[in-house]
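Novice: Going by the working numbering, the final residue of the sequence shown carries number 835, and the count climbs one at a time with no gaps. The following block contains the structure, expressed as structure tokens.
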Amino acid sequence: MNPDKPVSKMNQKRFVFSMLPLMASALFIIIFNLCVKTPFLYSSNLQNHPSPKQFSLLIGILTRADNYDRRHFLRLLYGIQSPPFAQIDIKFVFCNLTKQEQRVLISLEILRFNDIIILNCFENMNNGKTYTYFSSLPQILSQSYDYVMKADDDVYLRLLPLALSLQPLPRTDLYYGFVIPCQSMNPFVSYMSGMGFVLSWDLVEWIADSDIPRNDTFGPEDKLVGRWFNAGQKARNRFSNKPAMYDYPGTNGRCSHELIPDTIAVHRLKRWDQWLAVIRYFNVTKELKSSKLYHGLDF
Numbered sequence: 537m538n539p540d541k542p543v544s545k546m547n548q549k550r551f552v553f554s555m556l557p558l559m560a561s562a563l564f565i566i567i568f569n570l571c572v573k574t575p576f577l578y579s580s581n582l583q584n585h586p587s588p589k590q591f592s593l594l595i596g597i598l599t600r601a602d603n604y605d606r607r608h609f610l611r612l613l614y615g616i617q618s619p620p621f622a623q624i625d626i627k628f629v630f631c632n633l634t635k636q637e638q639r640v641l642i643s644l645e646i647l648r649f650n651d652i653i654i655l656n657c658f659e660n661m662n663n664g665k666t667y668t669y670f671s672s673l674p675q676i677l678s679q680s681y682d683y684v685m686k687a688d689d690d691v692y693l694r695l696l697p698l699a700l701s702l703q704p705l706p707r708t709d710l711y712y713g714f715v716i717p718c719q720s721m722n723p724f725v726s727y728m729s730g731m732g733f734v735l736s737w738d739l740v741e742w743i744a745d746s747d748i749p750r751n752d753t754f755g756p757e758d759k760l761v762g763r764w765f766n767a768g769q770k771a772r773n774r775f776s777n778k779p780a781m782y783d784y785p786g787t788n789g790r791c792s793h794e795l796i797p798d799t800i801a802v803h804r805l806k807r808w809d810q811w812l813a814v815i816r817y818f819n820v821t822k823e824l825k826s827s828k829l830y831h832g833l834d835f
């Protein structure tokens, strides 16, 4: 083409059409680079727009700093459970560390799992640990939850049935669990077992602010929680989920019964053979696919 000669409209059109394949190729390369070479741009967008959750639940498992094996085991059990309609966060809760080895090993756990809460207290059973747990949460958490649970480290929780049972319940003034005494079916008589009970967030805030629990922290802690609510005329929405929550068969009289399909919580799992029986009964490893990598794995 002669640059000094005027270009006709027909030649301009021919030039544009001749360039279309090259433009399309360039566009394809750009899209390929975005979608294939830098997929994180899209995965991060998906992570920023997760599926909507109907409610949130924090489960605090009260344990001791030295119980490393138990924490790792529970991480395995709870790490493969994820109800799609509820945000469930699990934290391991204990009091101040007392040994240098704890500070090193637990620092590694925090770096790897970020699932530990260390309270400002001395390790105890009936001297205020439960009060310190609930009363500290509004100050130390970066977010609030619809519900907060206190659970033992010898209980197996099935998160989907738990979430399904909470789904239709009130989000305020709620006190949920396994009512004691064992034979009672009345959630107002008298308090929820320490195996695992759930409070709505407004009750957690009340515990943090009220003088009633603050001045009554020594004694059987789960029983104290029921006493606080009675004294403060709180927890008007109470729910006892029997028989779905119970103690392992043969371990605690009328609080125990045989394993059942609709289980939410099994308590008093003190020995590995008990844990194994529970894992087998609920077929916890059913999602495991056969592979040549797993020689001789016969569950």
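Glycine included, each C-beta is placed from N, C-alpha and C at the ideal position.
Any contact between the segment 775-789 and the segment 747-757? By contact I mean 3 or more CB pairs, one from each, below 8 Å.
Specialist: No: the two stretches stay apart, fewer than three of their Cβ pairs being nearer than 8 Å.
Novice: Answer with buried or exposed for S826, where buried requires no fewer than 16 other C-beta atoms within 10 angstroms of its C-beta.
Specialist: Exposed, because fewer than 16 other Cβ atoms sit within 10 Å of the Cβ of S826.
Novice: What are the partner residues of Y711, as DSSP defines its beta bridges?
Specialist: Note: Y711 sits in a beta bridge opposite L735, R774.
Novice: Distance check for I716 and F576, CA to CA, integer angstroms please.
Specialist: Interpretation of F576 is limited by its pLDDT of 30, a score under 50 that renders its predicted location unreliable; the figure taken from the coordinates is listed afterwards. Between F576 and I716, the C-alpha separation is close to 51 Å.
Novice: Can you tell me the Cα-Cα spacing of H608 and L760, whole angstroms?
Specialist: Roughly 30 Å between the two C-alpha positions.
Novice: Considering H803, what are the terminal residues of the beta strand (DSSP E) in which it resides?
Specialist: Where H803 is concerned, the enclosing beta strand (DSSP E) stretches over 801-803.
Novice: Using the DSSP secondary-structure output, state which residues sit across from Q617 in a beta bridge.
Specialist: Answer is none; Q617 lacks a bridge partner.
Novice: Applying the 10 Å Cβ sphere with the 16-neighbour rule, what's the burial state of K665?
Specialist: So K665 ends up on the buried side.
Novice: Measuring alpha carbon to alpha carbon, tell me which residue in W737, A699, A744, R600 is nearest I653.
Specialist: Looking at the Cα atoms, R600 is the closest of the given residues.
Novice: Assign G786 to one of three DSSP states: helix, strand, or coil.
Specialist: Coil.
Novice: Going by DSSP, which residues form a beta bridge with Y830?
Specialist: None; Y830 has no bridge partner.
Novice: Who are the near neighbours of D709 in its chain, counting only those whose CB is closer than 7 Å to its CB and skipping five residues on each side?
Specialist: Same-chain partners within the cutoff: S736, D738, L739, K770, A771, R772, N773.
Novice: Return the chain-ordered ranges of every alpha helix (DSSP H) run that is complete within the segment 642-691 and spans a minimum of 4 residues.
Specialist: Runs of the alpha helix (DSSP H) inside the segment 642-691: 665-676.
Novice: Among D798, T668, G832, which one has its Cα closest to the Cα of W742?
Specialist: Looking at the Cα atoms, T668 is the closest of the given residues.
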